[in-house]
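To start, the structure under review is shown below, and the notes come after it.
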Amino acid sequence: MKNYDIKKIMEWLGYILKCPICGYKYNLSNTKIIDSQQDEIFNEAKILMHSDCAKCKSSVMFNVEIRGPEVFSVGMVTDLTGTDSNRFKDKRPISTNDVLNIHKEIRNFKGSLVELLAKK
Ligand SMILES: [Zn+2]
1 MKNYDIKKIM
11 EWLGYILKCP
21 ICGYKYNLSN
31 TKIIDSQQDE
41 IFNEAKILMH
51 SDCAKCKSSV
61 MFNVEIRGPE
71 VFSVGMVTDL
81 TGTDSNRFKD
91 KRPISTNDVL
101 NIHKEIRNFK
111 GSLVELLAKK
């Protein structure tokens with residue numbers, strides 16, 4: 001089974017991907033790989049990328065899946081920076097209990113929200 005060359009895939013994606021906001025072609029120097037996985041048995045690769053548009057400054061995360069000859073790509077506009085994306089990639093999703101707990105903490109906290117957040 002072949003191993004995907006992530007660098008070549010990135011070059012190819014840089015050639016075809018355009019900003020969903022303004023249509024400007026992405027510059028690879030503004031695109032970072034957040035995560036990538038390869039499965040040689042099933043001939044699959046998954047790449048999570050973050051890109052900043054050089055023209056309109058919006059940020060987009062792309063999830064690209066390659067299964068044999070097929071390529072699937074989903075892009076979503078985000079307010080996360082590349083650094084944020086890296087920081088949050090391995091975090092678990094926020095649960096209902098997380099929301100309830102922070103609600104209780106805010107309700108019982110005497111002081112400003114800034115002080116509360118500084119405590120964390
Ligand atoms: Zn743009």
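No gaps in the numbering here: position 79 of the sequence shown is 79 in our numbering, and each next residue is one more. All C-beta atoms in this analysis are idealised placements derived from N, C-alpha and C, irrespective of residue type, glycine included.
Presumed contact (8 Å Cβ cut-off) between residue i and residue j, rounded CB distance
{"i": "Tyr26", "j": "Ser51", "result": "5 Å"}
{"i": "Ile47", "j": "Ile6", "result": "7 Å"}
{"i": "Gly82", "j": "Pro20", "result": "That pair is no contact at about 17 Å."}
{"i": "Val71", "j": "Val64", "result": "7 Å"}
{"i": "Ala45", "j": "Ile66", "result": "4 Å"}
Outcome for residue i when other beta-carbon atoms lying within 10 angstroms are tallied against a minimum of 16
{"i": "Met1", "result": "Low confidence applies here, because Met1 scores a pLDDT of 42, under 50, leaving its location unreliable; read the following figure in that light. So Met1 ends up on the exposed side."}
{"i": "Ala118", "result": "exposed"}
{"i": "Cys22", "result": "exposed"}
{"i": "Cys56", "result": "exposed"}
{"i": "Phe62", "result": "buried"}
{"i": "Asn108", "result": "exposed"}
{"i": "Leu13", "result": "buried"}
Range covered by the alpha helix (DSSP H) that runs through residue i
{"i": "Ala54", "result": "Premise fails: Ala54 is in no alpha helix (DSSP H) and is neither H nor E."}
{"i": "Thr83", "result": "82-88"}
{"i": "Lys119", "result": "113-119"}
{"i": "Lys104", "result": "96-108"}
Range covered by the beta strand (DSSP E) that runs through residue i
{"i": "Lys8", "result": "Lys8 -> not in any beta strand (DSSP E); alpha helix (DSSP H) instead, spanning 6-16."}
{"i": "Glu65", "result": "59-67"}
{"i": "Ile21", "result": "First-last for Ile21: undefined, no H or E at that position."}
{"i": "Ser73", "result": "70-78"}
Closer than 6 Å between the C-beta and any heavy atom of ligand 1: which residues qualify, listed along the chain? In chain order, the residues that have a beta carbon nearer than 6 Å to some heavy atom of ligand 1 are Cys19, Ile21, Cys22, Tyr24, Cys53, Lys55, Cys56, Ser58.
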